[in-house]
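What follows is one structure encoded as structure tokens, with my remarks underneath.
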Amino acid sequence: MKIAVYYYSKGGSTKKLAEAVAEAAGVKARTVDEPLEGPYELMFIGGAPYIASQVDPHLRDFVKKLTAEDVKEVAVFSASNWKMSIERQIEHDLADPEIKVFDRGYTARGHMGGINKKHPTPEECAEAAEYAKKVIAALSQDQ
Ligand SMILES: Cc1cc2nc3c(=O)[nH]c(=O)nc-3n(C[C@H](O)[C@H](O)[C@H](O)COP(=O)(O)O)c2cc1C
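All the letters of the sequence shown, read from the start, carry residue numbers 68 to 210 under the working numbering.
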């Protein structure tokens, strides 16, 4: 199964989770500024809520441009101060209705300046890796 991990991170929390997810998936974590090298059967997409709980426009633009020729299914992970999932926002931004969204995503606490400094913790990174393995196993069964 061809898998990708793409993320957008301003402060480094999502990046930490992306690296754990990518390691579990056996691929490299890429930022949304890096080119697609698909088609992918599965893409993990990582991000965080910022002003007004909104995902950053960089990530939104990346998601809006995806087509079912680039990717068959996406699975969403996020870092957030209040453990807010961004899954619904990503689902809403996917313009191609043929792209499936894995139900459900993974959310860890992220740090925000001096708040939640230790997050995501090693345990949360391990959970993100477990989540990735679970998604891959579930989709492998479907094939
Ligand atoms: C301007 C701003 C607004 C934020 N708004 C929210 C929010 O509405 N809900 C939330 O859970 N976290 C919010 N956060 C916290 C971020 O989601 C958190 O810092 C996250 O770890 C950022 O991920 P990153 O380090 O990968 O950029 C906000 C952070 C900033 C800087």
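Backbone N, C-alpha and C fix where the C-beta goes; we use that ideal spot for every residue, glycine too. Computed from a predicted model, the values in this text were never measured in an experiment.
A distance below 8 Å between beta-carbons, with the five flanking residues on each side excluded, links Y117 to the following residues of its chain, in chain order: K77 and D123. Only residues of its own chain outside the window of five on either side were considered, and among them F111, F169 and V202 have a CB closer than 6 Å to the CB of A142, listed in chain order.
Taking P106 as the centre and dropping the five residues before and after it, the same chain places the C-beta of K69, E136, D137, V138 and K139 closer than 8 Å to its C-beta, in chain order. Per DSSP, reduced to three states, the secondary structure at E165 is coil, with no helix or strand assignment.
Under DSSP, the beta-bridge partners assigned to S147 are R176. Taking the Cβ atoms as the reference, T188 lies roughly 11 Å from A146, outside the contact range of under 8 Å. Around the beta carbon of A71, 16 or more other beta carbons lie within 10 angstroms, which makes this residue buried.
The secondary-structure analysis by DSSP pairs E140 across a beta bridge with L109 and K167. Assigned with DSSP and collapsed to three states, V202 falls in helix.
Here the region 171-190 lies against the region 81-97, with 3 or more beta-carbon pairs under 8 Å apart. Checking the DSSP bridge columns, you'll see Y74 partnered with T98 and G113. In this structure, DSSP gives I153 a state outside helix and strand, which the three-state scheme calls coil. By the criterion of a C-beta distance shorter than 7 Å, K95 is surrounded in its chain by A89, once the five residues flanking it on both sides are discounted.
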